[in-house]
Each structure stands twice: as structure tokens, then as C-alpha cells.
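Chemist: Counting with numbering that gives the first Met the number 0, you get residues 0 to 281 for the letters of the sequence shown.
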Amino acid sequence: MVRVYGWGENNGRTESIIGNWFAKGGDRRDKVVLATKVYGNMGPDGEAWPNHDKLSAVNIRRAVDASLKRLQTDYIDLYQFHHIDRNTPFEEIWQAIDVLVQQGKILYVGSSNFPGYKIAQANEIAARRGGTIGLVSEQCLYNLAERRAEMEVIPAAQDYGLGVIPWSPLHGGLLGGVIKKQVEGGRRASGRAPDTLADPGKRAQIQAYEDLLDKHGVEPGEAALAWLLTRPGVTGPIVGPRTSGQLESAVRAVELELSEELLAGLEEIFPGPGPSPEAFAW
Numbered sequence: 000m001v002r003v004y005g006w007g008e009n010n011g012r013t014e015s016i017i018g019n020w021f022a023k024g025g026d027r028r029d030k031v032v033l034a035t036k037v038y039g040n041m042g043p044d045g046e047a048w049p050n051h052d053k054l055s056a057v058n059i060r061r062a063v064d065a066s067l068k069r070l071q072t073d074y075i076d077l078y079q080f081h082h083i084d085r086n087t088p089f090e091e092i093w094q095a096i097d098v099l100v101q102q103g104k105i106l107y108v109g110s111s112n113f114p115g116y117k118i119a120q121a122n123e124i125a126a127r128r129g130g131t132i133g134l135v136s137e138q139c140l141y142n143l144a145e146r147r148a149e150m151e152v153i154p155a156a157q158d159y160g161l162g163v164i165p166w167s168p169l170h171g172g173l174l175g176g177v178i179k180k181q182v183e184g185g186r187r188a189s190g191r192a193p194d195t196l197a198d199p200g201k202r203a204q205i206q207a208y209e210d211l212l213d214k215h216g217v218e219p220g221e222a223a224l225a226w227l228l229t230r231p232g233v234t235g236p237i238v239g240p241r242t243s244g245q246l247e248s249a250v251r252a253v254e255l256e257l258s259e260e261l262l263a264g265l266e267e268i269f270p271g272p273g274p275s276p277e278a279f280a281w
């Protein structure tokens with residue numbers, strides 16, 4: 000979960016919802032791996048004053064304390080940098096993180112939307128400091144229809160021992176059977192789907208994807224999630240179900256085994272970029 004989602008006057012509302020749930024007692028907190036992020040502007044007036052956003056040491060410290068208050072807990076399992084900060088050196092970032100780890104306010108640190116070279120830079124500087132744990136995870140855009148992360152990001156994550164947490168595993172609903180839903184239920188496409196389906200070539204690609212899965216008797220959304228779970232380095236995709244049915248479908252994907260024939264068919268429809276540097280060098 001991410002603290003800034005909600006926007007405007009609802010900044011931090013997602014954290015408050017979770018915090019109110021924790022406050023009901025029992026062992027709720029102990030059974031949760033709690034992740035949140037830092038980067039977006041959380042200033043009270045919404046203006047981007049210095050140290051109200053990004054990854055300065057003072058903003059990181061203030062942001063952690065504010066998140067802990069909203070979450071009604073005393074520690075965060077995984078604290079993630081939502082974006083690279085081009086103006087703050089990692090030496091400063093890690094200094095702030097080391098203090099917070101020593102204080103017990105955060106346990107681990109991850110990145111999100113980092114390019115491969117920044118993952119390497121962050122962890123090399125952490126290693127030189129000695130005692131700094133460095134990044135343990137990377138949250139990136141990765142799915143069947145968007146595989147550029149395979150060129151640099153995922154290899155860097157694997158080499159440095161980071162878990163990969165793909166976001167938008169259904170690519171904004173595009174991989175969830177969007178054409179079939181339009182035909183059968185008249186449901187309008189949302190997210191990335193409308194622009195993509197307006198391109199005849201892309202629409203044909205999605206149609207081929209849905210036809211392949213229909214042939215194998217597999218639901219598109221479940222197949223897209225199951226495919227990610229076969230990918231090297233992937234810890235688990237982030238799902239955002241709107242209904243209990245969608246949540247149940249996501250859970251079923253964990254147990255779904257895709258046949259070699261189906262995997263080959265998916266690869267043919269959505270070929271990856273290939274390894275780096277070959278993918279762009281020749």
C-alpha cells in the first residue's frame with residue numbers, strides 16, 4: 000500500500016484505513032507484511048516546498064514518522080523509494096535509512112520504478128558504507144504486454160538479490176479478457192485498454208491472446224498472473240481487485256500451472272525483448 004494514494008485532502012488516507020484496522024487489536028499487525036512508500040509531496044498545503052517530497056534525509060525521517068502515526072504501528076516491514084531522486088545522493092539517503100533501521104522504525108528498504116543502473120548504484124554505495132543493508136526489492140511495471148524490465152531492471156535485481164514485485168500485472172485490465180467482456184457484457188474498457196485497442200495491430204494481438212487462453216480453458220487474468228509467477232526473480236505481482244470475485248481469481252492463479260504448449264503460445268504472441276545487451280546492440 001502507498002501512503003499518498005487518495006490525493007489532495009485524502010493524502011495518506013490508505014494508511015489511515017490500515018491503521019484503524021490494526022487498532023482493532025488481536026494479532027492483526029503480526030500477520031501483515033506492511034509496505035509503504037516515500038517520494039510524493041505530503042506537505043499540508045500541497046505545495047512542493049523543499050523537504051516535503053522526494054528522498055532528502057529530512058523528508059525521509061519526517062515521512063516515516065508520519066506514516067507510523069497514520070498506520071498506528073511502531074515499524075514498517077518494507078519502506079520503498081517510489082522513484083529515483085536525481086538531486087539527492089545515495090550517501091545522504093542511506094544515512095537517513097541507517098538511523099531509521101537502528102531505531103527499529105523500518106526493517107527493509109526497496110525501490111520502485113528504478114532503472115537497472117540505479118539499482119546497482121544504490122547497492123554499491125550501500126556496500127561501501129558497510130552495515131547498510133541496501134535494497135531488497137524492486138517494484139516495477141512488468142507483465143506479458145510490457146516486458147522491457149527484462150532487459151536491465153530484472154537482471155540487476157537478480158544479480159543484487161532483490162525480489163521483483165511487478166505492478167499492473169494485467170496492464171490496466173488489458174490482459175484480463177477485455178475484448179470478451181466488451182462483447183458479452185458491453186463493459187467499457189478502462190485504464191490503458193482503450194488507447195491500446197484503438198490500434199488494429201494491438202487489438203489483434205490481444206484477440207489472439209484471448210483466443211489462445213479460450214482454447215486452453217484458462218481465464219485470461221489468471222493466466223497473466225500465473226505467467227508472472229513463472230518468471231525468474233519475481234516474488235509476487237501486486238493485484239488490485241475491485242470485487243471479491245476478482246480476489247478469488249487472483250488467488251486461483253497461485254495454483255495454476257501453465258503447460259509448456261501454452262507458455263510457448265504466450266511467448267509467440269508477446270515476445271520479450273531478449274537479453275541485454277543483445278536486445279539493443281545488434
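For each residue, glycine too, the CB sits at the ideal point set by N, CA and C.
Can you tell me where the beta strand (DSSP E) with Pro165 in it begins and where it stops?
Modeler: 162-166 is the span of the beta strand (DSSP E), which, as asked, contains Pro165.
Chemist: For Ile96, I'd like the list of residues in its chain whose CB is within less than 6 Å of its CB, leaving aside the five on either flank, ordered along the chain.
Modeler: Hits under 6 Å: Val108.
Chemist: Figure out for me which residue from Arg69, Ala207, Thr195 has the closest Cα to the Cα of Gly20.
Modeler: At residue 20 the sequence reads Trp, which differs from the Gly that was named. Comparing Cα-Cα distances from Trp20 to each of Arg69, Ala207, Thr195, the minimum goes to Arg69.
Chemist: Report the start-end ranges of each alpha helix (DSSP H) in the region 21-72 that is 4 residues or longer and not cut off at the edges.
Modeler: Counting whole runs of 4 or more residues, the region 21-72 contains the alpha helix (DSSP H) stretches 56-70.
Chemist: According to the Cβ coordinates, are Ile16 and Leu54 closer than 7 Å?
Modeler: No. Outside cutoff.
Chemist: Does the beta-carbon of Met0 have 16 or more other beta-carbons within 10 angstroms, so that it is buried, or is it exposed?
Modeler: Confidence at Met0 is low in this model, with a pLDDT of 47, below 50, so the placement of that residue should be treated as unreliable; the coordinate-derived value is given next. Exposed, because fewer than 16 other Cβ atoms sit within 10 Å of the Cβ of Met0.
Chemist: Once you ignore the five residues that flank Arg202 on each side, which residues in its own chain have a CB closer than 6 Å to its CB?
Modeler: Cβ neighbours of Arg202 beyond the five flanking positions: Leu196.
Chemist: If you draw a straight line from the C-alpha of Leu173 to the C-alpha of Asp194, how long is it?
Modeler: If I take the Cα positions, the gap works out to 10 Å.
Chemist: What's the call for Asn250, buried or exposed, on a 16-neighbour Cβ count within 10 Å?
Modeler: According to the sequence as given, residue 250 is Val; it is not Asn. With fewer than 16 other Cβ atoms within 10 Å, it is exposed.
Chemist: Any idea what DSSP makes of Ser111, helix, strand or coil?
Modeler: In the structure shown, Ser111 sits in a strand (DSSP, three-state: E or B).
Chemist: Whole-angstrom Cβ separation of Glu14 and Thr35, contact assumed at under 8 Å?
Modeler: Indeed, because the Cβ distance is near 6 Å, the residues count as touching under 8 Å.
Chemist: Closest to Ile105 by C-alpha separation, out of Pro199, Tyr74, Ala192, would be which residue?
Modeler: Selected option, being the one with the closest Cα: Tyr74.
Chemist: If you draw a straight line from the C-alpha of Trp281 to the C-alpha of Gly18, how long is it?
Modeler: Straight-line Cα distance between these residues: approximately 52 Å.
Chemist: Could you have a look at Asp210 and say whether DSSP puts it in helix, strand or coil?
Modeler: In the structure shown, Asp210 sits in a helix (DSSP, three-state: H, G or I).
Chemist: List the DSSP bridge partners of Ile205.
Modeler: Note: Ile205 sits in no beta bridge, so no partner.
Chemist: Report the option in Ile59, Asn142, Val182, Pro199 whose CA atom is closest to the CA atom of Pro270.
Modeler: If we check each option's Cα against that of Pro270, Asn142 comes out closest.
Chemist: Would you kindly work out how many angstroms separate the C-alpha atoms of Ser282 and Phe113, rounded to a whole number?
Modeler: Here the chain comprises residues numbered 0 to 281, so residue 282 is not present and cannot be evaluated.
Chemist: Let me know if Glu90 comes out buried or exposed under the rule of 16 or more other beta-carbons within 10 Å of its beta-carbon.
Modeler: With fewer than 16 other Cβ atoms within 10 Å, it is exposed.
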